[in-house]
Amino acid sequence: VVLQVVAAYVIFTYFDYGSVGDFTTQQYIIYRDIMVMLLLGFGYLMTFLEKYGLGAVGFTMLLTVLNMECNLLMEGYFTNNFTISMDSIINAEFSAAALLISFGALIGRASPLMMVMISIVEALFYAINKVYIVFGHINAEDVGGTITIHMFGAYFGLACASTLGPLKKEFASNNSASRVSDVFSLIGTTLLWVYWPSFVGATETGVPANEMHCLNNTIMALIGSTGATFLLSQYLNEGKFDAVHVQNSTLAGGVAIGATARLAMGPGMAFLVGSLAGLVSVLGYFYSSPFLEANYNIFDTCGVGNLHGYPSVLGGLLSILLVYLNSDAEFLNYAVGSQSLMQLSAVVATLVVSIVTGLVSGLMFLRSGNYFDDVPDYDDAVWWTDVE
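This is how it looks when you write it as structure tokens:
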């Protein structure tokens, strides 16, 4: 309530709309595509939890709009730009995407109130990392958010998840899927797959060459990660496919290509980046998730470390090489060699900022004492009426 009152006062007092000359229908189409990804793509992707479908879609809507609201205020203050435009709204969508990635690691275990608090503080830390560090002091190349969105959201969420501790045995059975919930989750996957190129190329609609590279490179990367996912999933499961791999790892190419999407790397390189990302993601689900649960009590509900974490690190590290190979790109901010160093700096800085701020946020807002000890995890009936 306090946030809504403060936000209403600040927006009413300090913000205004931009001029009509700054508006294009193409920007609205990009906004619409990304909103489909956020509300329907992310929302339905997380409905694989058999008893938490309402929470997956419903809380996704709540957290998306709340985080966008916070980002409009915070990035407006940090950039001294108090204009509500399609550009600022699309930037707010990017912030919400980072939050929903973090939500994937916490869904079903953190209460709605906890997630509201995480939504607010993550909007702040995301904006600081993006405005002041990655695109400010470092000035790295990251047009599609591999570093600023996927890496930050994944490791912020994993750090938060580490503070929740081990999963209570009596509620562990709720963390399960059914054939129906898996189909709904695959609907989210396909929506994300279709609209992902718009997400990566959202800021490049005014530059045809850059927009073309963003869209084509992303499509080729997604094709690569999808093929690699089906291939490795079948190999690891003795001839059968794992729905979790198909729901998630098929999208890993879109995660990894974002840092370098507007480079003229060619379809072969984009396909290779996506293929590597798909392989890394599947291996993460098969080996890393069980290892983290058994040895560090990190229960990553949706496996965001495997879909967004490892592929974003891969994409960030590959950007070191790719900006070197495409050093003549006019939009790069540094000379050959220096830009590669800045890419590495952005990866390291984002990992440090996301993990530290995620740990602090988790310790502050996810440690509930005894208040939620008896509340079942992964159960809609706790938070929604008329649920059997």
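Going by our numbering, the sequence shown runs without a break in its numbering and finishes at 388.
For glycine and all other residues, C-beta sits at the position ideal for the given N, C-alpha and C.
Terminal residues of the alpha helix (DSSP H) in which residue i lies
i	result
C302	From DSSP, C302 is part of no alpha helix (DSSP H); its letter is neither H nor E.
G21	That residue, G21, is in no alpha helix (DSSP H); it is neither H nor E in DSSP.
R179	R179 to V200
S340	S338 to F365
G224	P208 to L236
I141	Ile is not the amino acid found at residue 141; the sequence shown has Glu there. Premise fails: E141 is in no alpha helix (DSSP H) and is neither H nor E.
H245	A243 to N248
F152	F152 to S162
I128	Looking at the DSSP string, I128 is not in any alpha helix (DSSP H), and its letter there is neither H nor E.
Y52	Careful: Y52 lies outside any alpha helix (DSSP H) and carries neither H nor E.
F271	P267 to L283
Y324	Y310 to L325
G254	A252 to I257
Beta-bridge partners of residue i, as assigned by DSSP
i	result
D16	T83
Own chain partners of residue i with C-beta closer than 8 Å, once the 5 adjacent residues on each side are dropped
i	result
V375	S111 and V382
E388	A381
A329	R262, L263, A264 and V323
F365	M114, M117, I118 and V121
Cβ separation of residue i and residue j, assumed to be a contact under 8 Å, to the nearest whole Å
i	j	result
T218	V200	5 Å
L100	T60	6 Å
A259	S319	4 Å
G274	I257	6 Å
T47	V131	Contact doesn't hold; Cβ gap of about 33 Å is too wide.
L363	T83	No, L363 and T83 are not in contact; Cβ-Cβ is about 36 Å, not under 8 Å.
L390	F299	Absent from the structure is residue 390, since the part of the chain shown begins at 1 and ends at 388.
G303	Y285	5 Å
A105	T385	That pair is no contact at about 27 Å.
D33	Y287	Between Y287 and D33 the Cβ distance is about 34 Å, and since that is not below 8 Å, they are no contact.
V255	S176	Incorrect: roughly 26 Å between the Cβ atoms, too far for contact.
S354	I138	15 Å between Cβ atoms; not a contact.
N248	L307	4 Å
Rounded separation between residue i and residue j - CA only
i	j	result
L389	F271	The shown model of the chain, from 1 to 388, leaves out residue 389, and the question about it has no answer.
N129	E122	10 Å
G358	M117	12 Å
M115	A159	14 Å
G165	F103	16 Å
T226	F156	26 Å
Q27	M86	6 Å
N71	N91	8 Å
S281	Y77	37 Å
V246	D16	44 Å
S327	G315	17 Å
T250	L62	27 Å
Y44	A56	7 Å
L317	Y126	20 Å
V239	L283	Looking at the sequence shown, residue 239 is not Val but Gly. Their Cα atoms are separated by approximately 16 Å.
R367	V347	29 Å
S181	V244	11 Å
P267	P197	14 Å
S361	A161	10 Å
V352	Y14	33 Å
A221	P290	27 Å
F184	G153	23 Å
V5	G58	22 Å
L321	F230	27 Å
M35	A172	32 Å
G305	G18	38 Å
Own chain residues within Cβ distance below 7 Å of residue i, not counting five before or after
i	result
I149	F94, A97 and A98
L73	A7 and V10
H213	A261, R262, L263 and A264
T64	L38, L39, A96 and L100
E211	G201, E204 and T205
L332	E141, V323 and Q339
D242	S233
D22	S85
S51	In the sequence as presented, Ser is not what sits at residue 51; that position holds Lys. Cβ neighbours of K51 beyond the five flanking positions: N174, Y378, D379 and D380.
V336	Y324 and S327
T25	none
I30	I90, S198, A202 and T205
L215	P197 and G201
E293	F299
I187	Y44
Spatial neighbours of residue i in its chain, beta-carbon cut-off 6 Å, leaving aside the 5 residues before and after
i	result
N67	S95, A96, L99, S119 and A123
G224	G253, F271, G274 and S275
R109	L164 and D377
A349	I133
S178	E50
N297	G165 and P166
L54	D380 and W384
heavy atom of the ligand SAH below 7 Å from residue i C-beta
i	result
L314	Ligands are entirely absent from the displayed structure, and the ligand SAH is therefore not among its contents.
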